Amino acid sequence: MEAELQRRKLEPSIRSGNVPGRPTTMTEAVVRANNIHPDEILLRIPQSKESAVMQAQYDGSKGNYKIFKSAFGNFMVPAVPSRADLTR
Numbered sequence: 001m002e003a004e005l006q007r008r009k010l011e012p013s014i015r016s017g018n019v020p021g022r023p024t025t026m027t028e029a030v031v032r033a034n035n036i037h038p039d040e041i042l043l044r045i046p047q048s049k050e051s052a053v054m055q056a057q058y059d060g061s062k063g064n065y066k067i068f069k070s071a072f073g074n075f076m077v078p079a080v081p082s083r084a085d086l087t088r
């Protein structure tokens, strides 16, 4: 009974889970963990795409590519034209 009397009530803001310093997305968590400015990330995406295309051309590839971003990183895949694209 004495332990029940010593309990104190938590403030509603503490219980809600909205901690001001807590990152809300995975990108924010990565940025904070690596001390990277968000503008640097925006610059790195086009640079990595351009680097991937240049590497493919250096390796001797002469095709068309589609580049897309996923949760696992940037990917470059060959774009195979359809018959409709070839007859235009």
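In full-length UniProt numbering, the protein residues as written are 1 to 88. Every residue gets a Cβ at the ideal spot worked out from N, C-alpha and C, and that includes glycine. Only a predicted model underlies this, so the values are computations on that prediction, with no experimental measurement involved.
Tell me the DSSP secondary structure of residue i in three-state form.
i     : result
Val77 : strand
Arg15 : Note that Arg15 scores 49 on pLDDT, short of 50, meaning its location in the model is unreliable and no value can be drawn from it.
Arg7  : coil
Residue i bridges to which residues according to DSSP?
i     : result
Lys66 : Val77
Starting from residue i, follow the alpha helix (DSSP H) in both directions and report where the run begins and ends.
i     : result
Asp85 : Arg83 to Leu86
Closest to residue i by C-alpha separation, out of the options, would be which residue?
i     : options                       : result
Val53 : Pro78, Leu43 and Thr87        : Pro78
Asp85 : Phe68, Pro46, Ser48 and Asn64 : Asn64
Met76 : Ile45, Asp39 and Arg7         : Ile45
Ile67 : Ser51, Ser82, Glu40 and Asp39 : Ser51
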